[in-house]
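**Student:**
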Amino acid sequence: MKTKLMMLLAAMMVLASPMFAQGGAAPGAGNNYWIWIASGFSMAFASGLCGLAQAKAVAAACEGMGRNPGASASIRFALILGLVFIESLALYTFAIVFAKIG
Numbered sequence: 267m268k269t270k271l272m273m274l275l276a277a278m279m280v281l282a283s284p285m286f287a288q289g290g291a292a293p294g295a296g297n298n299y300w301i302w303i304a305s306g307f308s309m310a311f312a313s314g315l316c317g318l319a320q321a322k323a324v325a326a327a328c329e330g331m332g333r334n335p336g337a338s339a340s341i342r343f344a345l346i347l348g349l350v351f352i353e354s355l356a357l358y359t360f361a362i363v364f365a366k367i368g
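Just so you know, we're using my numbering here: the sequence shown kicks off at 267 and counts up by one.
#1: When the distance is taken between beta carbons, is Gly330 closer than 7 Å to Ile341?
#2: In the DSSP assignment, find the unbroken alpha helix (DSSP H) run with Gly317 in it and report its ends.
#3: Assess contact between the stretch 307-323 and the stretch 269-281, defined as three or more Cβ pairs (one per stretch) separated by less than 8 Å. Is contact present?
#4: How many whole angstroms separate the CB atoms of Cys316 and Leu355, which I take to be in contact at a CB cut-off of 8 Å?
#5: Short of 6 Å in beta carbon distance, which residues of its chain neighbour Ser338, apart from the five on each side in sequence? Order them along the chain.
Structural data, given as structure tokens:
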């Protein structure tokens, strides 16, 4: 029984090898449409989330400055730093989109 199984396995390997040797189209020969679609969706998603995050940060900073005007300098610094980090998400996504397309 074991020898029959080994023979069957060897026959399958020998017969399957020509299937893997077949040549096909070069990678990226004409299938780039998904890259464009995925790039558009990823940039739209990143930009939308950045817009929502920036609106939330500005609203919280304005509320904090309104409640405690004495701490407006530190709140403003934290707001600008937070906006820089939030905007970097969109910029990194933009750079990755152009790296994948190019």
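Backbone N, C-alpha and C fix where the C-beta goes; we use that ideal spot for every residue, glycine too.
**Tutor:** Reading from the atomic positions:
#1: yes
#2: Tyr299 to Arg333
#3: no
#4: 6 Å
#5: Met331
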